[in-house]
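Have a look at the structure below before the remarks.
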Amino acid sequence: MTIITTDVNLFQEVAKLPSEITAIIIGYLPKCILPKLLYFPSIKKEVASAILSDVNITRSIYVHKGSDLPGVGYSECDCDRFKIELTDLKKGIAQWNVYPRAIHIDGNFVFENILDTFPRLLKEASSINTTLSGHYGLDSETYLGPFFNSNIKFDSLRLVGVWDAVTLPCISTNVQVRNSILNSYSISGVKKLDIDMDSNDREIQTYAFSSELEDLQIKSRFGIQVSLPPNLRKLSITAYLASASFISEELSHLKYLQLKLPENQSFEETGIMAPNLKTLALIDCIKFSNLDNLKQFQHLKHLVLKNCAYPIGLLNESSFPELESFEYDGYGFEDPENFTDPLLIFPTNLKQLSIEGRNLVSIDFNALVLPHTLIRLHLVDLSFNDGYFHLCENLQSVHIKTSRLRFESSFKIPPMAEELILEADYLVFESSDFMYHLPNSLTRLSLIAEKQGRMSPIIQKIKWPLALGSFELEGFNIDQETLELLNLQESRLREIRISGGDIKRLDVDLFPVSVEYLTLIEMEIKELPASFERLKNLRKLTLMRNRLKRVNSVNLPVSSLEVLDISQCDLRLISPFVVSMFEKKNKKGKLRIRATGNLNVDANDVRKVIKAIKGLYLELNESYECLGRITRPYSRLRCIFRTFDPYFEKSESSETEEIVFGQDSNNLLHGDESVSDKKDNGTGNKRRKKR
594 MTIITTDVNL FQEVAKLPSE ITAIIIGYLP KCILPKLLYF PSIKKEVASA
644 ILSDVNITRS IYVHKGSDLP GVGYSECDCD RFKIELTDLK KGIAQWNVYP
694 RAIHIDGNFV FENILDTFPR LLKEASSINT TLSGHYGLDS ETYLGPFFNS
744 NIKFDSLRLV GVWDAVTLPC ISTNVQVRNS ILNSYSISGV KKLDIDMDSN
794 DREIQTYAFS SELEDLQIKS RFGIQVSLPP NLRKLSITAY LASASFISEE
844 LSHLKYLQLK LPENQSFEET GIMAPNLKTL ALIDCIKFSN LDNLKQFQHL
894 KHLVLKNCAY PIGLLNESSF PELESFEYDG YGFEDPENFT DPLLIFPTNL
944 KQLSIEGRNL VSIDFNALVL PHTLIRLHLV DLSFNDGYFH LCENLQSVHI
994 KTSRLRFESS FKIPPMAEEL ILEADYLVFE SSDFMYHLPN SLTRLSLIAE
1044 KQGRMSPIIQ KIKWPLALGS FELEGFNIDQ ETLELLNLQE SRLREIRISG
1094 GDIKRLDVDL FPVSVEYLTL IEMEIKELPA SFERLKNLRK LTLMRNRLKR
1144 VNSVNLPVSS LEVLDISQCD LRLISPFVVS MFEKKNKKGK LRIRATGNLN
1194 VDANDVRKVI KAIKGLYLEL NESYECLGRI TRPYSRLRCI FRTFDPYFEK
1244 SESSETEEIV FGQDSNNLLH GDESVSDKKD NGTGNKRRKK R
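FYI, in the numbering used here the residues of the sequence shown are 594 to 1284.
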């Protein structure tokens, strides 16, 4: 989640909401930002409760820090719960009189410390979870005995690195065993068991389990033999480097089965019988050449095949009458001898179809029979023979990526479509009429021609659905008239991406105020508007690969804009893009400018703007030795590897270039490099040398 800053106005507004609503909002925030929110008096009680309600008690704390880089914030924080040391937890409980609802104890030492100094914590918690590990040189039974015999019931228990076998008593219903050995895996009361053995021991491991077990997951590098308990509801088995064998009766309760068995020869040899199975996932089962045995699963609802041969003949109109989704990802695996004339037919009740198969042979459009019940279609890296593609009427989500894709003049987007993504090297629409009949439900429209797109000219203004938030058009080489007829300013689009065209002069009034991400690539733009400030919600502006060699001052909406990408634009100067940052209202503004691939950039100009503007973060190429020297004292200037500049010429003299803001540039390039961010006086003005 990206939170840029602890904005005062934002959290003052949050504080006006009912406390239960405030608590819900705070619960969605990155955990590592929460301590900063304690400085807001009106919400600190809710914040303290969010911090203390679910904690990971540990000896070593790593807290994700928010980045000052525009657009980054706390996006790196993925913590499920707040990490805290026991001493700080005690202080927090004493101050706020809030005991954790759920605690996660990280390690033996922390657990022992809690038992000795704060046993009430365990009594107050409704959910206790812990990780225990072995200790080199100590007998594990003796070392772990006090924890096993503490009369505490855990919601989950994780054992790590216990290499001398131990007997695990019934102290948790959910057990994870990571690189550890138990005397017996048949543990009374355990409902869920996760075994992960990353050992080099090539001896076949045998496992047997209690009949109470309902959820079993095993990952092993080498061979295993598993006796499957009869009441399993969920089973996941992985054997990376050797085959797995099973001893099993009919598993009438099994609903979910995932197998990752690259060394097994067929599904049939597993002997698994599960008449009520709902979900089956076969992953990396590259030697499974015959999947006819899967026909036993007549109640199957979801079938997933990844890195397996395509199941020729398995699917047809009468097979798997309850199947709702089929997902196939066959990169690098195929059976070409039996796939020379493919006929792709699917069960009549199928709702979701996803096929990714880079090496599958070309498919005739007439051989692709899609059921009318289909609502989601995902076809990536398939090759189709010449012909027109037809979309089912009930489709709501469509993503097709192929080499050639053609639609006849009568083509219309399905009336209930919410998302339509069409990607092809060559994308052809015989008519543009479908653009005048966009469904009201449409939220995303992407028409991407990697090499060449063709569509009959747009001759009337487009009326955009109010729900549409994202529009992408690539490879159709639009001109100024087409851009005007697109009528984007009348839309509510949040994201616009157009690549390929001939515009020359950009008119900001052609875009909606709602736009947050505006991308215009290779549009032959040479002249920019004097201001983008009308686009007050703009967060990222990308103008890559346009010939912006000489640009006058451009006012940007600094209050909202986080990133400006002007890579490979034949630029000489950066300063015309930062004039707005000198205005008083934008004094605290921050902007990241990506300007890589402009190999003729003026080094004097770079040094001047990076010194003068504290909120500027700049990315360039280290194409000059002088830029490398500028980089050293400035963490906000980053010079990276050389990027291709399509407009690169031998550097011209910069003496005639006009640097936009009038400050003394004498000796800027070879001046005192000790003047860095840390020594700036905070006014944004550089110190003048005495003459």
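Ideal Cβ placement from N, Cα and C applies to all residues, glycine included.
Identity of the residue in the options nearest residue i by Cα
i, options, result
"K1056", "E1109, L1078 and E1067", "L1078"
"I1159", "I938, V1144 and P1150", "V1144"
"S781", "S773, T760 and N793", "T760"
"S882", "N869, P855 and A867", "P855"
"C901", "D885, H895 and Y921", "Y921"
"G1182", "K1207, D699, E678 and F802", "K1207"
"K1044", "Y1019, H1030, Y1029 and Q818", "Y1019"
"P1169", "D1198, G1190 and V1156", "D1198"
C-alpha gap between residue i and residue j, whole angstroms
i, j, result
"K683", "Y655", "19 Å"
"T724", "S813", "21 Å"
"N649", "H992", "41 Å"
"F890", "T766", "30 Å"
"K1283", "A1205", "Here K1283 scores only 39 on pLDDT, less than 50, and its place in the model is too uncertain to base an answer on."
"S1049", "I1071", "11 Å"
"R652", "V703", "7 Å"
"C670", "Y800", "38 Å"
"C1232", "E1212", "6 Å"
"S743", "D699", "17 Å"
"Q688", "K746", "28 Å"
"L1013", "S777", "53 Å"
"E606", "G1062", "26 Å"
"L631", "K1178", "28 Å"
"I840", "I797", "14 Å"
"I1118", "N1139", "5 Å"
"L545", "S1228", "Lying before the first or after the last residue shown, residue 545 is absent from the chain, which here runs from 594 to 1284."
"L936", "R1090", "37 Å"
"V535", "E949", "Look at the range of the chain in this structure, 594 to 1284, and you will see that residue 535 is not part of it."
"S947", "F939", "12 Å"
Beta-carbon proximity of residue i to residue j, cut-off 7 Å
i, j, result
"Q989", "I968", "yes"
"I636", "A616", "no"
"P1122", "L1099", "yes"
"S1153", "R1185", "no"
"F553", "T995", "Residue 553 falls outside the range modelled here, since the chain spans only 594 to 1284, and no answer is possible."
"I626", "F675", "no"
"L1157", "L1141", "no"
Residue i (DSSP reduced to helix, strand or coil)
i, result
"K637", "helix"
"C878", "coil"
"Y1110", "strand"
"A718", "coil"
"E1077", "helix"
"L1020", "strand"
"H895", "strand"
"E1248", "Because the pLDDT at E1248 is just 35, under 50, the model does not fix this residue reliably, and the point stays unresolved."
"S1258", "For S1258, the predicted structure reports a pLDDT of 28, less than 50, and the residue's modelled location is therefore unreliable. A value from the coordinates is still provided. The answer is coil: DSSP assigns S1258 none of H, G, I, E or B."
"V703", "helix"
"G923", "coil"
"K853", "strand"
"N1070", "strand"
"V1253", "Any reading at V1253 needs caution, since the residue's pLDDT is 41, under 50, leaving its predicted position unreliable; the model's value is listed next. Coil, per DSSP."
"D1102", "helix"
"E949", "strand"
"E1043", "strand"
"D1095", "strand"
"C625", "helix"
"E1088", "strand"
Chain-order list of residues whose beta-carbon lies under 6 Å from that of residue i (same chain, five-residue window excluded)
i, result
"I1051", "S1025, T1075 and L1078"
"N857", "S836"
"S1247", "Low confidence applies to S1247: its pLDDT is 36, below 50, so where it sits in the model is not reliable enough to give any reading."
"A718", "P693 and I696"
"K624", "C672 and F675"
"D877", "K853, P855 and N900"
Own chain, CB closer than 8 Å to residue i, minus 5 neighbours either side, in chain order
i, result
"T966", "T941, N942, L943, K944 and N987"
"K894", "K871, T872, E915, L916, E917 and S918"
"L1031", "I1006, L1038, I1055, K1056, W1057, P1058 and L1061"
"D794", "F815"
Neighbourhood of residue i by C-beta distance below 7 Å, restricted to the same chain and skipping five residues each side
i, result
"V753", "T724, S726, R771, N772 and S773"
"D791", "N772 and R814"
"Q1082", "D1102, L1103, F1104 and P1105"
"N706", "L679"
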